[in-house]
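The structure appears right after this line, and notes come after that.
See below:
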């Protein structure tokens with residue numbers, strides 16, 4: 091037997107031994123698994139599923155991620171309608187204001203007149219004579235009385251004095267240039283012969299030129315016409331108005 095043959099036989103032994111060893115190990119492992127399968131309960135093994143994206147999925151995923159995903163609306167319980175309780179309607183009758191009673195009419199008080207009251211009423215009812223304005227102060231002597239001729243003579247004398255003064259007055263030139271106008275009431279006293287004993291301004295015209303001219307007039311016109319005998323006066327005090335008015339052309 092050569093060396094080659096020996097080497098070849100050893101290799102075959104080792105190969106056969108290895109195969110037998112593997113077969114024994116495989117049989118032992120199968121027996122162990124069989125025993126576990128019979129004794130232990132059969133549990134399903136967890137399976138992991140892995141999905142691989144198909145070709146071109148990346149582009150679709152990019153476009154899909156751009157679109158916003160709307161969240162799933164949460165379901166809210168519907169509001170329960172509670173029954174409304176209404177208060178019962180009550181008809182309230184209208185209250186009418188009470189009618190005021192008719193006013194009680196009292197009889198008018200009786201009028202009581204005393205003797206003094208009656209006398210005062212009689213005095214009021216009796217007309218009193220109207221007082222005459224005392225424009226003229228009579229001097230010493232007898233009044234004309236109720237003689238109609240004496241009263242007429244007195245009235246004529248007053249008109250004579252008025253006309254005499256109006257005729258003798260002088261309108262101051264300065265007052266005319268200034269356009270001053272007015273009425274001066276002068277009070278004077280004359281004796282029986284018509285001499286002016288006193289004179290004064292009773293009511294001013296508001297212009298000193300006119301007032302001064304009036305006082306000068308009373309001195310210039312003296313004596314005035316004498317007092318008529320029918321008047322029976324020794325002197326006479328009288329107030330007369332002297333009018334200063336510019337003529338209109």
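In this note's numbering, the protein residues as written are 91 to 339. Backbone N, C-alpha and C fix where the C-beta goes; we use that ideal spot for every residue, glycine too.
8 angstroms CB neighbourhood of residue i in its chain, flanking five on each side removed
{"i": "residue 284", "result": "312, 313, 314, 315, 316 and 317"}
{"i": "residue 243", "result": "234, 318, 320 and 321"}
{"i": "residue 237", "result": "320"}
{"i": "residue 286", "result": "278, 279, 280, 308, 309, 311, 312, 313 and 314"}
{"i": "residue 119", "result": "none"}
Rounded distance between the beta-carbons of residue j and residue i, thought under 8 angstroms
{"i": "residue 272", "j": "residue 297", "result": "6 angstroms"}
{"i": "residue 276", "j": "residue 308", "result": "6 angstroms"}
{"i": "residue 261", "j": "residue 295", "result": "Incorrect: roughly 12 angstroms between the Cβ atoms, too far for contact."}
{"i": "residue 291", "j": "residue 305", "result": "7 angstroms"}
{"i": "residue 250", "j": "residue 332", "result": "Contact flag wrong, Cβ pair sits at about 15 angstroms."}
{"i": "residue 326", "j": "residue 252", "result": "No, residue 326 and residue 252 are not in contact; Cβ-Cβ is about 14 angstroms, not under 8 angstroms."}
{"i": "residue 310", "j": "residue 258", "result": "7 angstroms"}
{"i": "residue 356", "j": "residue 267", "result": "Lying outside 91 to 339, the shown extent of the chain, residue 356 is not represented and no answer is given."}
{"i": "residue 282", "j": "residue 239", "result": "With a Cβ gap of about 19 angstroms, residue 282 and residue 239 do not count as contacting."}
Host alpha helix (DSSP H) of residue i (start-end)
{"i": "residue 251", "result": "238-258"}
Per DSSP, the bridge partner or partners of residue i
{"i": "residue 331", "result": "275"}
{"i": "residue 325", "result": "281"}
6 angstroms CB neighbourhood of residue i in its chain, flanking five on each side removed
{"i": "residue 293", "result": "275"}
{"i": "residue 288", "result": "279"}
{"i": "residue 247", "result": "318"}
Same chain only: Cβ atoms within 7 angstroms of residue i, ignoring 5 sequence neighbours per side
{"i": "residue 220", "result": "Any reading at residue 220 is ruled out, since the residue's pLDDT is 38, under 50, leaving its predicted position unreliable."}
{"i": "residue 347", "result": "For the chain, the structure presents residues 91 to 339; residue 347 sits outside this window and is missing."}
{"i": "residue 123", "result": "none"}
key: Completely contained beta strand (DSSP E) runs for the stretch 265-302, where each covers 3 or more residues   = Entirely contained in the stretch 265-302, the beta strand (DSSP E) runs reaching 3 residues are, in chain order, 272-281 and 286-293.
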